[in-house]
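Chemist: Residue numbers (the numbering used here): 862 to 1673.
To start, I am sharing the structure in question, which I have written as C-alpha cells.
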Amino acid sequence: MKRLPNRELLRWSWREIKQGQLWPIAIALTLIIACVFGLAALADRMDQVVETQGKNALTADTVFRSSNPLPDSLLTQASQQQVKTATLTRFATMAFSDNSMQLVTVKAVDSQYPLRGEMLLSNASGQANHVQANQLWLEPRVMQQLKVKVGDSVTIGDADFVVSGEVLQEPGLAFNPFQQMPSVYIHQSDVDKTGAVQLGSRVSFRLFINGDDQQIAQIKQSVELTPSDRWVDEDSQSRTSEVFNKTKQYLSLTVAIVVVMAAITLVLTCQHYVSSRRQTIAMLKSLGAQRPWLIRWLSIQIGSLFAIGIVFGSLIGVFLEMVLRIPLTDVLPDPLPSYGLMPFLLSVGTCLAIGIPALGIPLIGLLNTSAASVMQPSQGNIPQKAWLLTLLPFGLLMLVYGGNTLVWIVLASILVLFVILGVISLLIVKGLQGLPASPALKLALSRINRSSIASGIQFGALALSLMLIAIIWLVRSDLLNDWQQTLPQDAPNVFALNIGSYEKDQYLQEIDAQKLTRSEAYPIIRGRLSEINGVEAKEYADGEDKSDSLRRELNFTWAETLPERNDLLEGEWGDPASVSVESDVANDLGLKIGDTLTFVISSQTVKAKVNTIRKVHWREMKPNFYFIFSPDVLKDIPATWLVSFKAPEGNSAKTDAFLNTMARDFPTVSLMDIRTMAGKIQVLLTQIVWSITVLAGLAVIAGLLLIFTLLRLSLSQRQDEIRLYRTLGASKKRINKTVWYEYGIMALIAGLVASFGAESSVASLMKWGFELEPTWHFALWVTLPLLAFVTLALVLRTLIKQLLIPVNKLGS
C-alpha cells in the first residue's frame, strides 16, 4: 500500500471527524474535560474560600493554647521560622467604674492581633483594627453596665484605664457559654499593672501563628506538650470545623464522582470507536497496509481527537466556571482566589489517564485483526501486557486522592456496584420475560436477554450513572439538613449565667413575661473527675490526658430527665446516685454502664454510678454537658443557674433596652449576647450552602449530559440492526414500539435499581464518611426512574426517525 505523508493522514482524519465518523468520541472528550475543568476550578475556589473562612474563624493558621505562660522554646522556634505571630492572655476579673461594677473577661493582645479575620474598634476619632498600649476597649454592653462613655475612667484589677472606645466586632468564632463573660480588650504590655494574673489564677495563654504548612509542622515538632497545652487548627475547632471539614469532603466527593461518570462514558465511547474501526483495519490490511503504517494512522486520529477535546474542553470549562460563579457573586470574596493550573492539569490528566487505557487496550487488539475479517468478522487478540495500561488511571487517583478515605470508599463501592447493578437488572428482565405481554414487548425483552453481556454493561452503566447523580444530590440535602441544626430559627441568642438560686424564679418570670422562647434552667457546678472504679482517672486512661474531661474543671448539672436533644445510646435514666456520661468521654476513658465515678466538687468528694451514655450534638448553639447527675447527688452543694433565650427580633433598640433592664435589675447575673456571632455563623453557612448547591447542580447536569451521550451511543450501536429490520419489511410502528419498550424497560429498571444503590451508598457515606445518622429518601424511588425515562425520551426523539430509514433509501 502506498505510504501517505502525515499531512494526508491528518486530512483524512479531519474528514472523518467532519463527516461524522469520529465526532462522538471528540464530543465525549470535550465534555469530560469541560465538566472536570469547570467543576474542579469552582471546587478549588470554593475550597480556598472555605479554608480561608475556617482560618478566619480561628483568627490564624494555627493556635497554641495553654494554661501556663508561653514556653520560651516555642517563641524562639517561631522567631527562627520567621512566621507571623500574635499573643493573647485571657483572664476574668472585676471592672469598676464610679457608677457600677461588672465581672468581665479581659483579653490582653499585642498590636499584631488578629492575624486573620477583622476586629473593629470604634470611637469619636474613627475606627481601628488593633489594640495599642494604654488603651481599653469595651463591648457596648459593658459600657452600658458600667454606665461609662469614651474618656471615662475604668479600673481593671489594680490599674486605672481611660475608655478608648467600643468593640464593634471581635474576630473569630467561639462559643462556650460557660467560659465567656463580656469582653474588654487591653494591650499585652498592660497585663502586669492590673495585678490580676497571680500564681494560681485561672489564665489562658495563646500564641497565634501564620505560616506555611512546613513551618508550622517544624514549630509543632519542637514543642513537647504538657497536659494543659493544646494545638488548635482549622480542622479541630469543634462546632464550626465540622461544617468546614464536611464541606471539603463533599467537594472532593463531587469531583471524584464526576470523574467516575466521565470515565464510564469515555470507556463506552472508546469501545464504540474501536468497533467502528475494525472493518476499516481489516480492509486496509487486505490492501497491503503494514502494522507501522496502521499505528501511525490511528495515532494521528487519536491525537487529533485528544487535541480537539483539550482545546475546546478547556475553553468551555473556563466559560462554564464563569457562568457557575454568577449565583455566588454575593458570597465569593473580592478579589477571587486564583485556581491556578490544577483544574487544567486535572481535566487533561483525567482525560488522558482514562482515554489511553480505554483506547489503547482495544486498539492493540484492533491491530491484531486479520485481513480475513473483511469476509468473516472476528475479534483481535489482546496481549496480557496491554492490560497494564489500567494502572494509569489508578496512579492518577493515588496522586490526587491518596489520603482521602471517603473517595476510596466510594470508588471501591462503585466497582462492586457496577457489576451488582447490571446483574440485578438482567435478572429482573429475565423474570419479566415469562409474563404475558404484547409482541412488541416480548421482542424488546428477547432483544435484551439475547445479548446479555452487552445489556448488562448498558444496565450497569446507566444505573450507576443515575445512582451517582442521586448520591451527589442526596448527600448535599442530608448535609444541609444537618447543618440547619447548627443555627435553627429558634436558636437562643442570649445566655444568662451566674443566676443565684434565690433569684432564679424571678428571673425566669421576667423572661416569660416578655413571651420569649427560652430553655429550661440548668444548675451549674464546677468540678473534676478524679477516680474511675477506685483508680485515679489518669491511670485509668493509660496515663494519658487523651480526654478533654481530664484536662480541666468541667461544668456539671443535674436533672430529673435527660435533655431531649441528646440521643440515649445505652442504659436507662432514673436511678438515684447515678450519672449520665457523654459518649466520646465514655469511649476515651473506656466507661461502661455500672462503673463508679468519683468527682471532686467544691472540695467535696461525691460518687455516682454510670447508668446512661448519651450522644451530644456539640455543634448546636445550646448548653451541653459531659456529665449529668441525678438530683440527689449534688443536692447539698450550692450552684448557680444558667438559662438561654431568644431575644426579641426586628427592633434592636428594644432588645438592647430589655437586656439593659435585666442587667440593671439583676446585677450579679452575667448576660452573654451572641447575636453578632450568630450572624457570622449564618453568613458562613450561607456561603457553604450556596457552594455545595452550585457544585451539586453542576454535577447533576454533567451526569445528565453523560447519560444522554451514553444512550445515544447505545442507540447508534443498534443502528444496523434496526435498519435491517426495516429493510426486511418490519413496519415503522412495530420497530418504534419495540425500541420504546426496550429502552423504557431499561430506564425503569435502571432507575429503580439505582434508587436502591443510592439509598445504600448514601446511608454508608453518612454513617462512616460524614458520621451522621442516615435517613430514607422515598421520593427518590419515583424521581430516578422518571429522570431516566425523560432523558431517554430526549435521545429517542433525536434519533428514532433517522434509525427507521431503510438502507435502500439511505443510498438513494
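Ideal Cβ placement from N, Cα and C applies to all residues, glycine included.
For a quick check, are the C-beta atoms of Q1076 and Q942 less than 8 Å apart?
Modeler: Cβ distance < 8 Å, so Q1076 and Q942 count as in contact.
Chemist: Could you tell me the boundaries of the beta strand (DSSP E) in which Q993 lies?
Modeler: Note, Q993: premise wrong, no beta strand (DSSP E); not H, not E.
Chemist: Does the stretch 1314–1321 come close enough to the stretch 1464–1472 that 3 or more CB-CB pairs lie under 8 Å?
Modeler: Contact fails: fewer than three Cβ-Cβ distances are below 8 Å.
Chemist: Here's a check: name, in chain order, each residue in its chain whose Cβ is nearer than 7 Å to the Cβ of Q1079, leaving out the five neighbours to either side.
Modeler: So the qualifying residues of the chain are Q942.
Chemist: Would DSSP call D1406 helix, strand or coil?
Modeler: At D1406, the pLDDT of 46 sits below 50, so the modelled position is not reliable and the matter cannot be decided from this model.
Chemist: Starting from P1384 and walking both ways along the alpha helix (DSSP H), at which residues does that stretch end?
Modeler: Counting along the chain, P1384 falls outside any alpha helix (DSSP H), though it belongs to the beta strand (DSSP E) covering Y1383 to I1393.
Chemist: Determine the burial state of I1462: buried for a count of at least 16 other Cβ atoms within 10 Å of its Cβ, exposed for fewer.
Modeler: It is buried - the Cβ of I1462 has at least 16 other Cβ atoms within 10 Å.
Chemist: Helix, strand or coil, according to DSSP, for Y1368 in the structure here?
Modeler: Of the three classes helix, strand and coil, the one that applies to Y1368 here is helix, per DSSP.
Chemist: Taking the beta strand (DSSP E) that F1022 falls in, what are its first and last residues?
Modeler: It spans A1020 to Q1030 - the beta strand (DSSP E) in which F1022 sits, taken as one unbroken run.
Chemist: Under a three-way DSSP split, which group does D1428 fall into?
Modeler: D1428: strand per DSSP, three-state reduction.
Chemist: Check whether the stretch 1000–1013 touches the stretch 972–981, taking contact to mean three or more Cβ pairs, one atom from each stretch, closer than 8 Å.
Modeler: In short, these stretches do not touch, since the Cβ pair count stays below three.
Chemist: Put A956 into one of helix, strand or coil per three-state DSSP.
Modeler: DSSP places A956 in strand when its eight states are reduced to three.
Chemist: Please state whether DSSP places S1137 in a helix, a strand or coil.
Modeler: In the structure shown, S1137 sits in a helix (DSSP, three-state: H, G or I).
Chemist: If you drop the 5 nearest sequence neighbours on each side, which residues of the same chain put their C-beta closer than 6 Å to that of N1394?
Modeler: D1456 and T1457, listed in sequence order.
Chemist: Determine the DSSP secondary structure at K1054, reduced to helix, strand or coil.
Modeler: Correct three-state label for K1054: helix.
Chemist: Considering Cα atoms alone, identify which of A887, V970, Q963 and A1615 is closest to I1332.
Modeler: Residue A1615 is the option with its Cα nearest to I1332.
Chemist: Thinking C-beta only, is L890 closer than 8 Å to L1224?
Modeler: Result no, Cβ atoms of L1224 and L890 do not sit closer than 8 Å.
Chemist: Please classify E1085 as buried or exposed, where buried requires at least 16 other C-beta atoms within 10 Å of its C-beta.
Modeler: Under this definition E1085 is an exposed residue.
Chemist: Per DSSP, which residues does H1048 bridge with? Please list them.
Modeler: The partner list for H1048 (beta bridge, DSSP) reads V970.
Chemist: Nearest-angstrom Cα distance between L1272 and G1221?
Modeler: Answer to the nearest angstrom: the Cα atoms are 23 Å apart.
Chemist: Taking its Cβ as the centre, do 16 or more other Cβ atoms sit within 10 Å of W1158, making it buried, or is it exposed?
Modeler: That one is buried.
Chemist: Just the C-alpha distance for F1639 and S1338, rounded to the nearest angstrom, thanks.
Modeler: Going by the C-alpha atoms only, they are around 13 Å apart.
Chemist: Note down the Cα distance separating A1438 from L1258, rounded to an integer number of angstroms.
Modeler: Going from the Cα of A1438 to the Cα of L1258 covers about 55 Å.
Chemist: Are the Cβ atoms of A1150 and A1611 separated by less than 8 Å?
Modeler: The answer is no: Cβ separation not under 8 Å.
Chemist: Measuring CB atoms only, is the stretch 1360–1369 touching the stretch 1522–1539, in the sense that at least three cross pairs come out at less than 8 Å?
Modeler: As far as the Cβ criterion goes, the stretch 1360–1369 touches the stretch 1522–1539, which means the pair count is three or higher.
Chemist: For D1428, collect the residues of the same chain with a Cβ closer than 7 Å to its Cβ; drop the 5 residues on either side in sequence, then sort them by chain order.
Modeler: Excluding residues within five positions, the ones whose Cβ falls inside 7 Å are R1475 and K1476.
Chemist: Using 10 angstroms around the beta-carbon of L1068, count the other beta-carbons present and answer buried if the total reaches 16, otherwise exposed.
Modeler: L1068 should be labelled buried.
Chemist: Quick one: what's got a C-beta closer than 8 Å to S1274's C-beta in the same chain, skipping five residues either side?
Modeler: Closer than 8 Å at Cβ, skipping near neighbours: S1622 and S1625.
Chemist: Mind the definition here: the stretch 949–965 touches the stretch 988–996 only if three or more C-beta pairs lie below 8 Å; say whether that holds.
Modeler: Short answer: they don't touch.
Chemist: Got a sec, what are the start and stop residues for the beta strand (DSSP E) N837 sits in?
Modeler: Any question about residue 837 goes unanswered here, given that the chain covers just 862 to 1673.
Chemist: For my contact list, M1203 and A901 are in at a C-beta cut-off of 8 Å; report their separation, rounded to the angstrom.
Modeler: Between A901 and M1203 the Cβ distance is about 7 Å, and since that is below 8 Å, they are a contact.
Chemist: Whose C-beta lies closer than 6 Å to the C-beta of A994 among residues of the same chain, with five residues either side of it excluded?
Modeler: Here the set comprises H1048 and S1050.
Chemist: Give me the Cα-Cα distance between I1535 and Y1046, rounded to the nearest whole angstrom.
Modeler: C-alpha separation (whole angstroms): 18 Å.
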